[in-house]
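At the far end of the sequence shown sits residue 260, using this note's numbering, and the numbering has no gaps.
Heads up, the beta-carbon is just placed ideally off N, CA and C, and yes, glycines get one too.
Nothing here was measured: the structure is a model prediction, and the numbers come from that model.
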Amino acid sequence: MSIEIMKKGALSLIGAAAIVASGNVLADGEIYDGAQSPTGPLTSATRSFTDSSATLTANVFGNPTDITCALTLDGQVDIDASGTSGTVTVSSGDVSGGFLCGLVELQFASNGGQDWVATADEADLASISNPVGDVPLTFQNVSVNLCNNGNPVSVDTVFNNNGNGTLLSGDSTFTFDNAAVGGCSFTATLTPDGDDIDVVANP
């Protein structure tokens, strides 16, 4: 065997070892949806998430005011073709409740704004073997009329599959903890309407 062939073989082994050592390369993001049969693995799913008592602190008639309303966000989660990242796209939503809630308008592509989009690397997802853990997400393009009308901003949230360590064993949540939205702040914990949905990494 020539020295050149031996060198190529050694380089191949080094490359293979690097791939095995990198969880980002071998792991795939997967979606499990309690509303479907089979529940997964899937690469796309839609769901509405609601908090019946979300709080938006906004300037109303010149005064900082806490507005407590029911909040629903409607979106879709997708795993890309490589399986290495996932995207959450919120394309509509609703705010309902008392008089002040009627003053709040969420803005999306369908009503003059942009859809809210957040992306996570599969390395940040909880493992399928223990699908519990916080996944930080940042939604881009967020616009709320009382807060930053016409000037989209980024807003931080945290996703968690929750449960007892097995798939679809507890309602997933999106949590906004005093999240800044332009000149407002926003606190809510949204859970799925209907069946649970989990997003995990499967090494």
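Which partner residues of D90 appear in the DSSP bridge assignment?
For the purposes of this step, residue 90 is taken as the residue at position 33 of the sequence shown. Answer is I254.
Taking the alpha-carbon of G86 as reference, which of I124, S139, L247 has the nearest alpha-carbon?
As a working note, residue 86 is residue 29 in the sequence shown. When only C-alpha atoms are compared, the closest one is S139.
Determine, using beta carbons only, whether G107 and D252 come nearer to each other than 8 Å.
Locating residue 107 in the sequence shown gives position 50, where the first residue counts as 1. Locating residue 252 in the sequence shown gives position 195, where the first residue counts as 1. This sequence places Thr at residue 107; Gly is not what is there. For T107 and D252, no; Cβs fall outside 8 Å.
Beta strand (DSSP E) runs wholly inside the segment 103-140, at least 3 long, in chain order:
120-136
Determine whether the beta carbon atoms of D255 and P188 lie at a separation below 8 Å.
Stepping through the sequence shown from its first residue, residue 255 is reached at position 198. Stepping through the sequence shown from its first residue, residue 188 is reached at position 131. Cβ atoms of D255 and P188: closer than 8 Å.
Integer-rounded CB distance, given that A102 should sit under 8 Å from A245:
Along the sequence shown, read from residue 1 onward, the residue named residue 245 stands at position 188. Along the sequence shown, read from residue 1 onward, the residue named residue 102 stands at position 45. Their Cβ separation, rounded to whole angstroms, is 21 Å, which puts A245 and A102 out of contact at 8 Å.
Does the beta-carbon distance from F161 to I124 come in below 8 Å?
For the purposes of this step, residue 161 is identified with residue 104 of the sequence shown, where counting begins at 1. For the purposes of this step, residue 124 is identified with residue 67 of the sequence shown, where counting begins at 1. Per the sequence shown, the amino acid found at residue 161 is Val instead of Phe. Going by C-beta atoms, V161 is nearer than 8 Å to I124.
So, with DSSP's three-state summary, where would you put A180?
Looking up residue 180 in the sequence shown gives position 123. Three-state result, A180: helix.
Let me know if S167 comes out buried or exposed under the rule of 16 or more other beta-carbons within 10 Å of its beta-carbon.
For the purposes of this step, residue 167 is taken as the residue at position 110 of the sequence shown. Answer is exposed; the Cβ neighbour count stays below 16.
Residues that P193 bridges to, as DSSP identifies them:
Locating residue 193 in the sequence shown gives position 136, counting from the first residue. BP columns for P193 point to V215.
Distance CB(V147)-CB(W173) smaller than 8 Å
As a working mapping, residue 147 is identified with position 90 in the sequence shown. As a working mapping, residue 173 is identified with position 116 in the sequence shown. For V147 and W173, yes; Cβs fall inside 8 Å.
Distance, C126 Cα to I88 Cα:
Residue mapping note: residue 88 aligns to position 31 of the sequence shown, counting from 1. Residue mapping note: residue 126 aligns to position 69 of the sequence shown, counting from 1. The alpha-carbon atoms of I88 and C126 are separated by roughly 30 Å.
Roughly how many angstroms lie between the CA atoms of L113 and S242, to the nearest whole one?
The count along the sequence shown starts at 1 and reaches residue 113 at position 56. The count along the sequence shown starts at 1 and reaches residue 242 at position 185. Roughly 6 Å separates the two Cα atoms.
From G220, C204, Q197, L224, pick the residue whose C-alpha is nearest to that of V117; which is it?
In the sequence shown, counting from the first residue as 1, residue 117 sits at position 60. With distances taken between Cα atoms, V117 lies closest to C204.
For the beta strand (DSSP E) holding C241, just list the boundary residues, first then last.
Here residue 241 is taken as the residue at index 184 of the sequence shown, counted from 1. Residues 241-249.
What separation, rounded to the nearest whole angstrom, lies between the Cα atoms of G239 and G207?
Here residue 239 refers to the residue found at position 182 when the sequence shown is read from its first residue. Here residue 207 refers to the residue found at position 150 when the sequence shown is read from its first residue. When rounded, the distance between both Cα atoms is 11 Å.
C-alpha gap between D234 and F216, whole angstroms
Within the sequence shown, residue 234 is the residue found at index 177, counting from 1. Within the sequence shown, residue 216 is the residue found at index 159, counting from 1. Computed Cα separation, rounded: 12 Å.
Starting from N235, follow the alpha helix (DSSP H) in both directions and report where the run begins and ends.
Position 178 of the sequence shown holds residue 235. Looking at the DSSP string, N235 is not in any alpha helix (DSSP H); the run it does join, the beta strand (DSSP E), is 230-238.
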